[in-house]
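For the sequence shown, position 18 matches number 19 in the numbering used here, and the numbering has no gaps at all. Just so you know, even glycine gets a beta-carbon here, dropped at the ideal spot from N, CA and C. In what follows, a structure is listed as structure tokens, so that the remarks can point back to it.
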Amino acid sequence: MTLILITRPEPGAAETAARLAAAGIGAVLAPGLVLTPRAFRLPTCQAVLVTSRAGARALPAPVPGVPVLAVGAASAAPAAAAGWATLAAEGTAESLAALAAARLDPGAGPLLLAVGQGYALDLAAALRARGFRVIRRIAYAATPGLTLPEAAAAALRGGCVTHFLFHSPRSAWCAIRLFAAAGLLPAVAGCVAVAISPRVALAARKALAPLAFRAVAVASRPSEDALLGLLGRQGQGPLCEEER
């Protein structure tokens, strides 16, 4: 049995595995990060911006008249389910900054970024450059995973893993460090890396260096639908669309 190895943190890893299972594709989990929500109070602001589903899940109760602007549809979904009015950008920090500039007024009050610890600093700078006052609140901590799941190690040792799924630069880096600690980098190098964006693909390649993946595939847009769509083409030949 061939398997896809998922490196994103929970609960997203299990959700991705369920989507693969529904398509008849087996998966094994090796999250590179552990996400821990942090409660916070929402200050007075004209809008809340989130760059991940983890940030959206950590939001407090909706505030009437205050929308959530999300980096993409997947990040908007938990906020919308909780009752927030949401708008979704096109999957990148640049598109989120552009959406904020198009829909919001720098003079109407600050923007609140609900993000992970150490994340979205570039986004905050881009918004400030457009004249917005930005407040950051830590909605969750993302810490490196400490242990490699034995099921993932056994699958690699047994030659069952064919592809790695990478959803973010940091989770890619941390997951590969776990495999390095287990002495499994040669087995990782025999697999195909499937990344959600060119930036994520670059991080995965750097983490594996000086070894290299058998091939690297990059989604045409930064969404899980596009990422998993690459796997859907397996039956048509080797998955080896090079990074763009």
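Per the DSSP calculation, residue i is bridged to which residue(s)?
{"i": "LEU6", "result": "VAL29 and PHE165"}
{"i": "THR144", "result": "VAL35"}
{"i": "LEU231", "result": "According to DSSP, which records beta bridges pairwise, LEU231 is partnered with nothing at all."}
{"i": "LEU70", "result": "LEU50 and LEU88"}
{"i": "ALA218", "result": "VAL195"}
{"i": "VAL135", "result": "LEU112"}
Distance check for residue j and residue i, CA to CA, integer angstroms please.
{"i": "VAL193", "j": "ILE177", "result": "13 angstroms"}
{"i": "GLY110", "j": "ARG129", "result": "12 angstroms"}
{"i": "ARG42", "j": "ILE136", "result": "12 angstroms"}
{"i": "GLY236", "j": "PRO44", "result": "Here the model assigns GLY236 a pLDDT of 34, short of 50, so the residue's position is not dependable and the matter cannot be decided."}
{"i": "CYS46", "j": "ALA90", "result": "19 angstroms"}
{"i": "PRO65", "j": "LEU157", "result": "50 angstroms"}
{"i": "TYR141", "j": "ILE197", "result": "22 angstroms"}
{"i": "VAL201", "j": "LEU229", "result": "15 angstroms"}
{"i": "THR163", "j": "GLY92", "result": "27 angstroms"}
{"i": "ALA18", "j": "LEU166", "result": "11 angstroms"}
{"i": "VAL217", "j": "ILE26", "result": "19 angstroms"}
{"i": "LEU212", "j": "ALA182", "result": "15 angstroms"}
{"i": "ALA81", "j": "ALA62", "result": "11 angstroms"}
{"i": "VAL251", "j": "GLY160", "result": "This structure leaves residue 251 out entirely; the chain is present only between 2 and 245."}
{"i": "LEU179", "j": "PHE214", "result": "16 angstroms"}
{"i": "LEU6", "j": "LEU232", "result": "12 angstroms"}
{"i": "ALA208", "j": "CYS175", "result": "8 angstroms"}
{"i": "VAL67", "j": "LEU114", "result": "13 angstroms"}
{"i": "ALA31", "j": "GLY108", "result": "45 angstroms"}
{"i": "SER224", "j": "ARG138", "result": "25 angstroms"}
{"i": "PRO12", "j": "LEU36", "result": "9 angstroms"}
{"i": "GLU16", "j": "VAL195", "result": "17 angstroms"}
{"i": "LEU147", "j": "LEU112", "result": "35 angstroms"}
{"i": "ALA152", "j": "LEU4", "result": "11 angstroms"}
{"i": "ALA86", "j": "ALA126", "result": "25 angstroms"}
{"i": "ALA23", "j": "ALA74", "result": "21 angstroms"}
{"i": "PRO145", "j": "ASP226", "result": "26 angstroms"}
{"i": "ARG234", "j": "VAL189", "result": "The pLDDT assigned to ARG234 is 47, lower than 50, so where the model puts this residue is not dependable; a value taken from the coordinates is nonetheless given after this. Their backbone Cα atoms lie some 21 angstroms apart in a straight line."}
{"i": "PRO150", "j": "ALA14", "result": "13 angstroms"}
{"i": "GLY119", "j": "ASP106", "result": "26 angstroms"}
{"i": "PRO170", "j": "LEU88", "result": "25 angstroms"}
List the whole-angstrom C-beta distance separating residue i from residue j, where the pair is believed to meet the contact cut-off of C-beta under 8 angstroms.
{"i": "ARG131", "j": "ALA103", "result": "Rounded, the Cβ-Cβ distance is 10 angstroms, inconsistent with contact."}
{"i": "PRO38", "j": "ALA57", "result": "Actually they do not touch by this definition, with Cβ atoms about 11 angstroms apart."}
{"i": "VAL49", "j": "VAL72", "result": "Going by Cβ atoms, the distance from VAL49 to VAL72 rounds to 12 angstroms, so no, they are not a contact pair."}
{"i": "GLY33", "j": "SER172", "result": "4 angstroms"}
{"i": "ARG9", "j": "HIS168", "result": "4 angstroms"}
{"i": "ALA124", "j": "ALA98", "result": "The sequence given here has Leu at residue 124, not Ala. Contact flag correct, Cβ pair sits at about 6 angstroms."}
{"i": "GLY117", "j": "ALA204", "result": "Between ALA204 and GLY117 the Cβ distance is about 16 angstroms, and since that is not below 8 angstroms, they are no contact."}
{"i": "SER53", "j": "SER76", "result": "6 angstroms"}
{"i": "LEU60", "j": "ALA83", "result": "7 angstroms"}
{"i": "LEU185", "j": "ALA154", "result": "6 angstroms"}
{"i": "PRO199", "j": "VAL219", "result": "6 angstroms"}
Terminal residues of the continuous alpha helix (DSSP H) containing residue i?
{"i": "THR45", "result": "That residue, THR45, is in no alpha helix (DSSP H); it is neither H nor E in DSSP."}
{"i": "VAL201", "result": "199-209"}
{"i": "THR87", "result": "Careful: THR87 lies outside any alpha helix (DSSP H), inside the beta strand (DSSP E) at 87-89."}
{"i": "LEU21", "result": "13-23"}
{"i": "ALA155", "result": "151-158"}
{"i": "VAL189", "result": "186-190"}
{"i": "ALA102", "result": "94-104"}
{"i": "LEU179", "result": "170-182"}
{"i": "ALA59", "result": "No alpha helix (DSSP H) contains ALA59, which DSSP labels as neither H nor E."}
{"i": "LEU122", "result": "122-130"}
What are the boundary residues of the beta strand (DSSP E) that residue i is part of?
{"i": "GLY117", "result": "112-117"}
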